[in-house]
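J.: Pasting a structure here, questions to come.
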Amino acid sequence: MSALERIGDLLRAAHLDSALTSPEAIRSIVSERRRATGIASDDAYADLAARSSAEFGKLREQIAVPETWLFRYPSAFETLRAQFMRQARRPVRALSVACATGAEPFSIAATALAAGVHPDDIQILAIDPNPDALERARTGDLGRMAARGEIPSWAQMYVTVLPNNVRVAPEARACVELREGSAPAALLGLERGSFDAVFCRNLAIYLSDAGRRAIGEQLAALLHPDGILYLGHAERPALFGLEDGFESVQGGQPGAFAFARRTVAATTQKPPEPFHSDRWTDRDRAPFAQSSATRPTTTVALKPLSANAPAPAQIPAPVPSIAPTESKMLQSARAAADAGNLRQAADIAERIHSTGDRSLALMELLGSVHLGLGDSTRAESAWRQVVYLDPQNVEALLHLAILADRRGDAALAQRYRARAAKGTS
Ligand SMILES: C[S@@+](CC[C@H](N)C(=O)[O-])C[C@H]1O[C@@H](n2cnc3c(N)ncnc32)[C@H](O)[C@@H]1O
Numbered sequence: 064m065s066a067l068e069r070i071g072d073l074l075r076a077a078h079l080d081s082a083l084t085s086p087e088a089i090r091s092i093v094s095e096r097r098r099a100t101g102i103a104s105d106d107a108y109a110d111l112a113a114r115s116s117a118e119f120g121k122l123r124e125q126i127a128v129p130e131t132w133l134f135r136y137p138s139a140f141e142t143l144r145a146q147f148m149r150q151a152r153r154p155v156r157a158l159s160v161a162c163a164t165g166a167e168p169f170s171i172a173a174t175a176l177a178a179g180v181h182p183d184d185i186q187i188l189a190i191d192p193n194p195d196a197l198e199r200a201r202t203g204d205l206g207r208m209a210a211r212g213e214i215p216s217w218a219q220m221y222v223t224v225l226p227n228n229v230r231v232a233p234e235a236r237a238c239v240e241l242r243e244g245s246a247p248a249a250l251l252g253l254e255r256g257s258f259d260a261v262f263c264r265n266l267a268i269y270l271s272d273a274g275r276r277a278i279g280e281q282l283a284a285l286l287h288p289d290g291i292l293y294l295g296h297a298e299r300p301a302l303f304g305l306e307d308g309f310e311s312v313q314g315g316q317p318g319a320f321a322f323a324r325r326t327v328a329a330t331t332q333k334p335p336e337p338f339h340s341d342r343w344t345d346r347d348r349a350p351f352a353q354s355s356a357t358r359p360t361t362t363v364a365l366k367p368l369s370a371n372a373p374a375p376a377q378i379p380a381p382v383p384s385i386a387p388t389e390s391k392m393l394q395s396a397r398a399a400a401d402a403g404n405l406r407q408a409a410d411i412a413e414r415i416h417s418t419g420d421r422s423l424a425l426m427e428l429l430g431s432v433h434l435g436l437g438d439s440t441r442a443e444s445a446w447r448q449v450v451y452l453d454p455q456n457v458e459a460l461l462h463l464a465i466l467a468d469r470r471g472d473a474a475l476a477q478r479y480r481a482r483a484a485k486g487t488s
C-alpha cells in the first residue's frame with residue numbers, strides 16, 4: 064500500500080468523507096504538512112501521522128477546519144435563550160460536538176447566564192479532536208475573527224471585542240468543560256438523555272454517511288426527551304439518520320435550525336430508552352460521566368414521553384432577528400429551510416433570484432440550501448457569487464474548497480483554504 068493510501072485510510076477511519084480524501088486531495092494536504100514539518104518523504108510522513116495524534120490532528124485540520132465564531136446563526140441562541148428561560152429543571156446541560164476554538168460553547172454559556180441561570184447550574188461539555196483549537200479556547204482569547212456580525216445585546220457583558228482580539232469573560236468560560244475527543248467514540252461514555260441542548264453544527268459536511276449516522280444515533284440518545292438539537296445552516300436531522308424522530312421546533316426563530324423530538328402521537332418511532340433519575344448531581348461528581356449506581360439520586364421528577372405529553376419545545380415568541388429590510392419571500396425561504404423543507408426553500412429562493420436579486424443574504428441561502436440538497440453545481444455557483452460580493456467570506460471559501468475537493472480539483476481547494484485561513488487569523 065502506498066504512503067498516500069495509508070494516509071487516506073487513516074482519514075477515512077476518522078469518518079472523513081471519501082470525496083474529501085481522494086488521492087489528489089491527500090497529495091495536496093500531505094505536501095503542505097511535509098513542508099511545515101520538513102519531512103523528506105511521503106512514507107516517513109505516513110509513519111509520523113500514524114504514530115502521532117498531534118500530527119494526525121494537524122492533517123485532519125487541513126480538511127475539517129476549526130472555523131467558528133461567537134453567536135454564529137444568532138437565531139439559534141435566541142431560541143436557546145427562550146428554552147433556558149422556560150426550563151425549570153436544573154442544572155441546564157448542553158453539549159457542543161465539534162466545538163473548534165470554543166466560540167460555540169462559550170456562546171451557549173453566555174446565553175444561559177443571560178437567561179438568568181445560576182452559574183453553578185450551568186454544565187456545558189464541549190468536544191473536539193483538535194488539541195490546538197482547544198488550547199486556544201482555554202485561553203479565552205479567541206482572535207479577532209471570533210466576532211462577526213452583532214453580539215446580542217443581552218450577551219455583550221460576557222464578550223470583550225478588542226481591535227485585534229475577542230475575549231470571553233471568565234464566568235462564561237467557567238461553565239464549559241473542554242474535552243479532546245472525536246465523535247462518535249467520545250460520546251459513548253456520556254449519560255443518555257441528560258442534555259437539554261445538543262449542538263452539532265458544521266461538522267456533517269466533512270463526514271462520511273456512516274460517520275454522520277453513527278454520530279446521529281449518539282446525539283439522539285444523549286438528548287433529553289424535551290431537549291433541542293441545534294444543527295448548522297441547511298443541515299437537517301436526516302443527514303444524521305434522524306429523519307423520522309425530529310421536527311423543527313415550533314415557535315422557534317427562522318434560521319435557528321433547532322429540532323425537537325416529534326410528539327409520540329405524530330410518530331411511530333419508539334420513545335427513547337428510559338434513563339436514570341440520578342443524573343442531576345453536583346458538578347464535582349464528574350457531571351458528564353455515564354450514570355452509575357453509586358451516584359446519589361435527587362428528587363427531580365423527569366417526565367417520560369407519553370401520548371399525552373405536551374408538544375416538546377413550544378418556545379415563547381422570541382425577539383425577531385430578521386433584518387426589517389429582508390423581503391417576505393426571503394423570510395419564507397428561510398423558514399422553509401429552517402423547517403428542513405430544502406426543496407421548497409430552494410424553489411422560493413430561485414424565484415427570488417429570477418427577479419434579479421443578487422443580494423448576499425439570498426446567495427448565502429441558495430448556497431446552503433443547494434449544498435443541503437446535494438446539488439454541487441448550483442451550490443458552487445451560489446457560493447462563488449457570495450465570494451464575489453464578499454471576497455473574505457470564510458464560510459463561502461471553505462464551502463468552495465470542499466466542493467472543489469469533491470470534483471477532484473485539489474489545487475483549487477487548497478487555494479480556497481489558504482484564502483480562508485488568511486481571513487481567520
Ligand atoms: C467548522 S468547525 C465547526 C465549529 C462549530 N461547531 C461551529 O459551527 O461554529 C468543524 C470542527 O469539527 C471538528 N471535527 C472533525 N471531526 C470531528 C469528529 N469526528 N468529532 C468531533 N469534531 C470533529 C474539527 O476539529 C473542527 O474543529
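Residues in the sequence shown are numbered consecutively from 64, following my numbering. In this text, a Cβ means the ideal position worked out from N, Cα and C, and glycines have one as well.
Going by DSSP in three states, Ala459 sits in which element: helix, strand or coil?
T.: As a first step, residue 459 must be located in the sequence shown, where it is residue number 396. Residue state, collapsed to three classes: helix.
J.: Using the beta-carbon count (16 or more within 10 Å), is Arg149 buried or exposed?
T.: In the sequence shown, the residue the question calls residue 149 occupies position 86. Looking at its Cβ environment, which holds fewer than 16 other Cβ atoms inside 10 Å, Arg149 is exposed.
J.: Any heavy atom of ligand 1 within a distance shorter than 7 Å of the CB on Ala246?
T.: For this step, residue 246 is matched to residue 183 along the sequence shown. Yes, since a heavy atom of ligand 1 falls inside the 7 Å radius drawn around the Cβ of Ala246.
J.: Taking its Cβ as the centre, do 16 or more other Cβ atoms sit within 10 Å of Ala177, making it buried, or is it exposed?
T.: Start at 1 with the first residue of the sequence shown, and residue 177 comes out as number 114. Buried is the call here.
J.: In this structure, what does DSSP give as the bridge partners for Glu240?
T.: Here residue 240 refers to the residue found at position 177 of the sequence shown. Looking at the DSSP assignment, Glu240 forms a beta bridge with Leu188.
J.: Give the single residue among Leu188, Asp472, Leu452, Gly212 whose Cα lies nearest to the Cα of Ala88.
T.: Here the question's residue 88 lines up with position 25 in the sequence shown. For Ala88, the nearest C-alpha among the options comes from Asp472.
J.: Verify the contact flag: His416, CB atom, against every heavy atom of ligand 1, threshold strictly below 7 Å.
T.: Taking the first residue of the sequence shown as 1, we reach residue 416 at position 353. Checking every heavy atom of ligand 1 against the Cβ of His416, none is found closer than 7 Å.
J.: So the beta strand (DSSP E) Phe258 belongs to, where does it begin and stop?
T.: Numbered from 1 along the sequence shown, position 195 holds the residue referred to as residue 258. That run of the beta strand (DSSP E) goes 258 to 263.
J.: Contact check, Ile278 vs Pro300 under 8 Å by CB: the rounded distance?
T.: As a position in the sequence shown, residue 278 is number 215, starting the count at 1. As a position in the sequence shown, residue 300 is number 237, starting the count at 1. 12 Å between Cβ atoms; not a contact.
J.: If you measure between the beta carbons of Phe262 and Ala157, is that distance less than 8 Å?
T.: One-based indexing of the sequence shown puts residue 262 at position 199. One-based indexing of the sequence shown puts residue 157 at position 94. For Phe262 and Ala157, yes; Cβs fall inside 8 Å.
J.: Is it true that the region 202 to 215 meets the region 115 to 129, where meeting means three or more beta-carbon pairs spaced less than 8 Å apart?
T.: With the cut-off at 8 Å, the region 202 to 215 and the region 115 to 129 do not touch.
J.: Report buried or exposed for Ala107, applying the criterion of at least 16 other Cβ atoms within 10 angstroms of its Cβ.
T.: Sequence index remark: in the sequence shown, residue 107 carries index 44 (1-based). Result: exposed.
J.: Let's test the definition: count the other Cβ atoms within 10 Å of the Cβ of Asn227 and tell me whether it reaches 16, buried, or not, exposed.
T.: As a working mapping, residue 227 is identified with position 164 in the sequence shown. So Asn227 counts as exposed.
J.: Quick one: any contact between the region 81 to 97 and the region 459 to 471, if contact means 3 or more CB pairs under 8 Å?
T.: At 8 Å Cβ cutoff, the stretches touch.
J.: What residues in its chain sit with their C-beta under 6 Å from that of Ala127, if we drop five residues either side in the sequence?
T.: As a working mapping, residue 127 is identified with position 64 in the sequence shown. Tyr269, listed in sequence order.
J.: Any heavy atom of ligand 1 closer than 7 Å to the Cβ of Pro154?
T.: The count along the sequence shown starts at 1 and reaches residue 154 at position 91. No.
J.: Comparing the CB of Arg276 with every heavy atom of ligand 1, is any distance shorter than 7 Å?
T.: Along the sequence shown, one-based indexing puts residue 276 at 213. No, the Cβ of Arg276 stays beyond 7 Å of every heavy atom of ligand 1.
J.: Alpha carbon to alpha carbon, what distance is there between Arg406 and Ser395?
T.: Sequence index remark: in the sequence shown, residue 395 carries index 332 (1-based). Sequence index remark: in the sequence shown, residue 406 carries index 343 (1-based). Taking the straight line from one Cα to the other gives about 13 Å.
J.: Going by the C-beta, is Pro192 closer than 7 Å to any heavy atom of ligand 1?
T.: As a position in the sequence shown, residue 192 is number 129, starting the count at 1. The answer is yes for Pro192.
J.: Would you say the beta carbon of Cys238 comes nearer than 7 Å to a heavy atom of ligand 1?
T.: Against the sequence shown, residue 238 aligns to sequence position 175. No, Cβ of Cys238 sits at least 7 Å from all heavy atoms of ligand 1.
J.: In terms of residues, what are the limits of the alpha helix (DSSP H) holding Tyr221?
T.: Taking the first residue of the sequence shown as 1, we reach residue 221 at position 158. Per DSSP, Tyr221 belongs to no alpha helix (DSSP H) and is neither H nor E.
J.: Assuming Phe303 and Arg276 make a contact with CB atoms under 8 Å, what is their CB distance in whole Å?
T.: As a first step, residue 303 is located in the sequence shown; it is residue number 240 there, counting from the start. As a first step, residue 276 is located in the sequence shown; it is residue number 213 there, counting from the start. The pair is a contact, with the Cβ atoms about 6 Å apart (cut-off 8 Å).
J.: Any heavy atom of ligand 1 closer than 7 Å to the Cβ of Asn265?
T.: Here residue 265 refers to the residue found at position 202 of the sequence shown. Under cutoff, so the answer is yes.
J.: Exposed or buried, which one is Gly71 when buried takes at least 16 other CB atoms within 10 Å?
T.: As a first step, residue 71 must be located in the sequence shown, where it is residue number 8. Flag for Gly71 reads buried.
J.: Going by other Cβ atoms of all chains shown within 10 Å of its Cβ, with 16 needed for buried, is His181 buried or exposed?
T.: Locating residue 181 in the sequence shown gives position 118, where the first residue counts as 1. Counting Cβ neighbours within 10 Å, His181 comes out exposed, since fewer than 16 surround it.
J.: On the three-state DSSP scale, how would you describe Asp345?
T.: Reading the sequence shown from its first residue, position 282 is the one you call residue 345. Confidence at Asp345 is low in this model, with a pLDDT of 37, below 50, so its placement is unreliable and no value can be given for it.
J.: So, for Asp438: in the same chain, excluding its five sequence neighbours on each side, which residues have a beta-carbon less than 7 Å away from its beta-carbon?
T.: Position 375 of the sequence shown, counted from the first residue, corresponds to residue 438. Closer than 7 Å at the Cβ level, and outside the excluded window around Asp438, lies no residue.
J.: Could you tell me the alpha carbon to alpha carbon distance between Leu67 and Val155, rounded to whole angstroms?
T.: Taking the first residue of the sequence shown as 1, we reach residue 67 at position 4. Taking the first residue of the sequence shown as 1, we reach residue 155 at position 92. One C-alpha to the other measures close to 45 Å.
J.: Is DSSP giving Ser355 helix, strand or coil here?
T.: As a first step, residue 355 is located in the sequence shown; it is residue number 292 there, counting from the start. Caution is warranted here: a pLDDT of 39 is assigned to Ser355, below 50, making its placement in the model unreliable, and no coordinate value can be reported.
J.: Taking Leu423 and Ile415 to be in contact with their CB atoms under 8 Å, please state how far apart those CB atoms are, rounded to whole angstroms.
T.: In the sequence shown, counting from the first residue as 1, residue 423 sits at position 360. In the sequence shown, counting from the first residue as 1, residue 415 sits at position 352. Not really, about 13 Å apart at Cβ, beyond 8 Å.
J.: Measuring alpha carbon to alpha carbon, tell me which residue in Ala412, Met208, Thr418, Arg264 is nearest Ala442.
T.: Along the sequence shown, one-based indexing puts residue 442 at 379. Closest option to Ala442, Cα to Cα, is Ala412.
J.: Where does Ser390 fall in DSSP's three states?
T.: Against the sequence shown, residue 390 aligns to sequence position 327. Three-state DSSP puts Ser390 in coil, outside helix and strand.
J.: Classify Arg264: buried if its beta carbon has 16 or more other beta carbons within 10 angstroms, exposed otherwise.
T.: Here residue 264 is taken as the residue at index 201 of the sequence shown, counted from 1. When all chains shown are included, Arg264 counts as buried.
J.: Considering Leu268, what are the terminal residues of the beta strand (DSSP E) in which it resides?
T.: By 1-based counting over the sequence shown, the position of residue 268 is 205. Going by the sequence as given, residue 268 is Ile instead of Leu. Counting along the chain, Ile268 falls outside any beta strand (DSSP E), and DSSP gives it neither H nor E.
J.: Tell me whether Gly290 sits in a helix, a strand or coil according to DSSP, three-state version.
T.: Residue 290 sits at position 227 when you count from the first residue of the sequence shown. Three-state result, Gly290: strand.
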